[in-house]
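Novice: Okay, so the sequence shown: first residue is 65 according to our numbering, each after it adds one.
Before I ask anything, here is the structure I am working with.
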Amino acid sequence: MAEARQDFPIEQQLKADIREAQRSRDQVRLDTLRMALGAIHNLEVARTDRKNAEYGQLLTEADCLKVLEQEVKKRNQAIPLYRQGGRTDLADKEQREMEILQSYLQSSQLSDDELRTIITRLIETNGKEFRKVMPQAAKETKGRADGARVQRMVRELVQ
């Protein structure tokens, strides 16, 4: 039988916060955190399917963060649609869920200085050409910095 893997720090944090939300009877937070943990678990289970492109790959901390980013993105897309439909109650719920999830992503985000250091190093290696630097920067900062923020800084530094 396969050995059970250790939880990543983000999962441990989610589980601890779920217990805390149960104690404080914060239903929205509880539901949001359970959903996030479930989404991470679903990705792991999906990788046991032979038809999956990522079949057999072990889950990484970066994968967990990517799942949280996707959940934030879903809410970002849903909020304006709910508002257009006049469902401010649902829009507010999605907004609260998004804020809860973003708090987990913030802790893993690169600061502007760290991002600038990475991009500067890439410019030194690849030259001052946006088309060469941007893909490298995106790859290196994946899950740790917003793509738009990385793009802005690369444009600024290759000038």
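Cβ coordinates follow ideal geometry from the N, Cα and C atoms, glycine included.
(1) With a threshold of 16 other CB atoms inside 10 Å of the CB of Arg-216, please say whether the residue is buried or exposed.
(2) Using a Cβ distance threshold of 8 angstroms, determine whether the stretch 138 to 146 contacts the stretch 112 to 121, with at least three qualifying pairs required.
(3) Is there contact between the stretch 147 to 165 and the stretch 173 to 180, where contact requires at least three CB pairs shorter than 8 angstroms?
(4) Quick one: using the 10 Å Cβ neighbour count with 16 as the cut-off for buried, is Asp-81 buried or exposed?
(5) Give the straight-line distance between the Cα atoms of Thr-184 and Cys-128, rounded to the nearest whole angstrom.
(6) If you draw a straight line from the alpha carbon of Thr-189 to that of Val-222, how long is it in whole angstroms?
(7) Check Arg-139 in the structure and name its three-state DSSP category.
(8) What separation, rounded to the nearest whole angstrom, lies between the Cα atoms of Asp-156 and Val-92?
Specialist: The short version:
(1) exposed
(2) no
(3) no
(4) buried
(5) 28 angstroms
(6) 12 angstroms
(7) helix
(8) 11 angstroms
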